[in-house]
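Read the structure below first, then the notes.
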Amino acid sequence: MRKFFLAPAALLIALAIMLSGCNLISVDPIMQLNEDRAKLEREYQTVLAEYDGGTVAVKDILLEFYNELSYYYQMSASYGMGFGEEQVESLKQSAVGYALERAAQSKEAEARGITLTEAEIAEIETEAREGYDGSLAGYAQQMDGKTEEVRSAQAAFALYQEGYTYESLSSYLMAQKIAEKLRASTDAEVAEVTDEALQAVYEQQVEDDEAYYASYLDDFESDMTGDTLVTWMPEGFRTVKHILVIPEASALDPYKEKLSQIESFEAELSSLNDDLAAATDDDEAVGDPEAIRAQIAGVEASIADAKAELPALEAACLANVRQKLDDIQEKLDGGEDFMALIDEYGEDPGMKNEPTRTRGYYVSALSTTWDPAFKNAAMLLENVGDVSKPVVGKSGVHIIRYESDVAPGAVPLDQIREALKEETLEKQREEHYTAKLAEWVEALHPVYHYDAWTPNV
Numbered sequence: 005m006r007k008f009f010l011a012p013a014a015l016l017i018a019l020a021i022m023l024s025g026c027n028l029i030s031v032d033p034i035m036q037l038n039e040d041r042a043k044l045e046r047e048y049q050t051v052l053a054e055y056d057g058g059t060v061a062v063k064d065i066l067l068e069f070y071n072e073l074s075y076y077y078q079m080s081a082s083y084g085m086g087f088g089e090e091q092v093e094s095l096k097q098s099a100v101g102y103a104l105e106r107a108a109q110s111k112e113a114e115a116r117g118i119t120l121t122e123a124e125i126a127e128i129e130t131e132a133r134e135g136y137d138g139s140l141a142g143y144a145q146q147m148d149g150k151t152e153e154v155r156s157a158q159a160a161f162a163l164y165q166e167g168y169t170y171e172s173l174s175s176y177l178m179a180q181k182i183a184e185k186l187r188a189s190t191d192a193e194v195a196e197v198t199d200e201a202l203q204a205v206y207e208q209q210v211e212d213d214e215a216y217y218a219s220y221l222d223d224f225e226s227d228m229t230g231d232t233l234v235t236w237m238p239e240g241f242r243t244v245k246h247i248l249v250i251p252e253a254s255a256l257d258p259y260k261e262k263l264s265q266i267e268s269f270e271a272e273l274s275s276l277n278d279d280l281a282a283a284t285d286d287d288e289a290v291g292d293p294e295a296i297r298a299q300i301a302g303v304e305a306s307i308a309d310a311k312a313e314l315p316a317l318e319a320a321c322l323a324n325v326r327q328k329l330d331d332i333q334e335k336l337d338g339g340e341d342f343m344a345l346i347d348e349y350g351e352d353p354g355m356k357n358e359p360t361r362t363r364g365y366y367v368s369a370l371s372t373t374w375d376p377a378f379k380n381a382a383m384l385l386e387n388v389g390d391v392s393k394p395v396v397g398k399s400g401v402h403i404i405r406y407e408s409d410v411a412p413g414a415v416p417l418d419q420i421r422e423a424l425k426e427e428t429l430e431k432q433r434e435e436h437y438t439a440k441l442a443e444w445v446e447a448l449h450p451v452y453h454y455d456a457w458t459p460n461v
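Per our numbering, the sequence shown starts with residue 5, numbered consecutively.
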């Protein structure tokens, strides 16, 4: 079920109702709300699309339109993205499209004899009732009516303005359930992937992965920490696991701050070197080379001074967790299993969760994903099974184990056959359903009237 994000827009409406109440002292508030609702009901009958056998009116898109509007409103506020008339119009047209899809799905489901059972209907009605009543109670608390009855009526009107009623929610959920059943019926039309088809998919994906990861090694490393099905392994990789021990902030933060300072100096140095190159260009010299060289020397000195402070800061981090590190080393010397020690002492969630718990992390000398301290220590290990001394990095103190060498080239099909078959089948079903849905909508011969209604947002 899709979640509804009504708060931002609906709350503004609720506040408007509260403020307007100040001007309605001599008017029965419930009577006024009923009159306002009657006006909206007429507006909500406005037809936005016609199709064979029916129409899509404003009332049919409100729930989804305001749900999407609230979601994107929150996203734009969180990420500072622009959100104006163009985006609102796009959401309106999308909501009309979704309503037409529901109409097409309903017609196709009826043709296939797909219906809801009494138990499914009862479950949906209960879910809709609980959802609506919960929203109504929450909004009623924001209202300023003098009685509970008035506050409840104000809340119901605020929700109605965005198409949120028990009836609309129940209808929407039933349409979603019908769509789920129709999707299952349509998926069954796609045959299992044959060996020949799977081989062709495999060969194409190997070719694609090889080309892509040749340019984006960091994406390979990231993909190997998730659920992406990878068919090509670049050269030079090994897998490692680690026990991460995090010192107290009083010890770790000064170390991290010093690293950040060094990175800032290095960025400045890079920029100055670019300036120097421009200043010494025989064709188009820009700037004073000697002045830039003096700046470079100053920044290089700052970098050297900052790096000279790192050993003491690293020592402070190690001292802060010394007892734990000693306990780990003692158990390692005693032959205790490395994964058992990760479970007992490790503080990296990636070592507790799949797939990285089993796979480990993929690291190479060219890696840019990992903290340089972690990467360098991992690559210094000479043999599979070697374990590093404690290494201080941005995340804390690492004890790293060299797990395996990664064979470069194509991953044998037999190793990923079932996963690739499942992924391919899902993709084929998705493509099939998308194409069928487009056919069903087209068969309705829709005619659009987007300009007939402008949302009041």
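Backbone N, C-alpha and C fix where the C-beta goes; we use that ideal spot for every residue, glycine too.
Cβ-heavy atom distance, residue i to the ligand MG, below 7 Å
i      : result
TRP374 : Inclusion of the ligand MG in the displayed structure is not the case, the ligand content being empty and no account of it being possible.
Sequence-distant residues of the same chain with beta carbon closer than 7 Å to residue i, five excluded per side
i      : result
HIS453 : VAL51, LEU52, ALA53
TYR369 : The amino acid occupying residue 369 in the given sequence is Ala; Tyr does not appear at that position. Taken in chain order, the residues that qualify are GLY240, MET383.
LEU104 : ALA53, TYR55, VAL60, VAL445, LEU448, PRO450
LYS440 : THR190
LEU314 : LYS262
Residue i to residue j span [Cα, whole Å]
i      : j      : result
VAL244 : TRP374 : 12 Å
PRO33  : VAL194 : 58 Å
LYS431 : HIS449 : 28 Å
THR121 : SER175 : 15 Å
ILE182 : THR119 : 7 Å
TYR463 : ARG155 : In the structure displayed, the chain extends from 5 to 461; residue 463 sits before or after that span and is not available.
VAL100 : ALA123 : 30 Å
TRP457 : ALA218 : 51 Å
CYS321 : THR360 : 26 Å
LYS43  : GLN165 : 11 Å
GLU131 : TYR75  : 21 Å
ASP40  : GLN180 : 31 Å
THR362 : GLU426 : 21 Å
GLY291 : THR284 : 8 Å
GLY338 : LEU345 : 12 Å
ALA159 : MET85  : 30 Å
ARG187 : GLN146 : 40 Å
ILE29  : SER80  : Caution applies to ILE29, whose pLDDT of 49 falls short of 50 and renders its modelled position unreliable; the value that the coordinates give is listed next. Cα to Cα, the separation comes out at about 38 Å.
ALA126 : GLY149 : 34 Å
GLY413 : GLU196 : 28 Å
LYS356 : GLY364 : 10 Å
ARG133 : ASP213 : 49 Å
Cut-off 8 Å between Cβ atoms - residues of its own chain near residue i, not counting five sequence neighbours on either side
i      : result
ALA61  : TYR48, GLN49, THR50, VAL51, LEU52
GLN203 : LEU417
VAL410 : MET237, PHE241, ARG242, THR243, TYR366
TYR349 : ILE247, VAL249, LYS328, ASP331, ILE332
SER371 : LEU221, ASP222, GLU225, LYS379
ARG421 : LEU202
Identified DSSP bridge partners for residue i
i      : result
LYS245 : ARG405
ALA414 : TRP236
VAL451 : GLU54
VAL395 : HIS402
TYR366 : THR243
ALA61  : VAL51
Close-in-space but distant-in-sequence residues of the same chain around residue i (CB under 6 Å, 5 per side omitted)
i      : result
ASN27  : Its pLDDT being 48, under 50, ASN27 is placed unreliably by the model, and the measurement read from it follows with that caveat. So no residue of the chain qualifies.
LEU37  : ALA157, PHE161
ASP227 : VAL234
SER306 : PHE269
GLY397 : ASP375, ALA377, PHE378
ARG6   : Confidence at ARG6 is low in this model, with a pLDDT of 44, below 50, so its placement is unreliable and the value that follows should be read with caution. Correct list: empty, nothing qualifies.
GLU294 : none
C-beta contact flag for residue i and residue j at 8 Å
i      : j      : result
LYS63  : ALA113 : no
LEU233 : LEU429 : no
ILE266 : ALA298 : no
VAL391 : LEU336 : yes
ASN324 : GLU261 : no
LEU280 : ILE296 : yes
LEU67  : LEU173 : yes
GLY138 : LEU256 : no
PRO459 : PHE69  : yes
GLY354 : THR169 : no
PHE342 : ARG433 : no
ALA107 : GLY58  : yes
PRO258 : LEU317 : yes
LEU177 : ILE128 : yes
Which complete alpha helix (DSSP H) runs does the stretch 103 to 146 hold, if anything under 4 residues is left out? Within the stretch 103 to 146, the complete alpha helix (DSSP H) runs of at least 4 residues are 122 to 144.
To test your reading of the DSSP string, which unbroken beta strand (DSSP E) runs of 3 or more residues are found completely within the stretch 311 to 353? Counting whole runs of 3 or more residues, the stretch 311 to 353 contains no beta strand (DSSP E) stretch at all.
Residue ranges of each alpha helix (DSSP H) within the stretch 135 to 207, 4 or longer: Here the runs fully enclosed are 152 to 164, 170 to 191.
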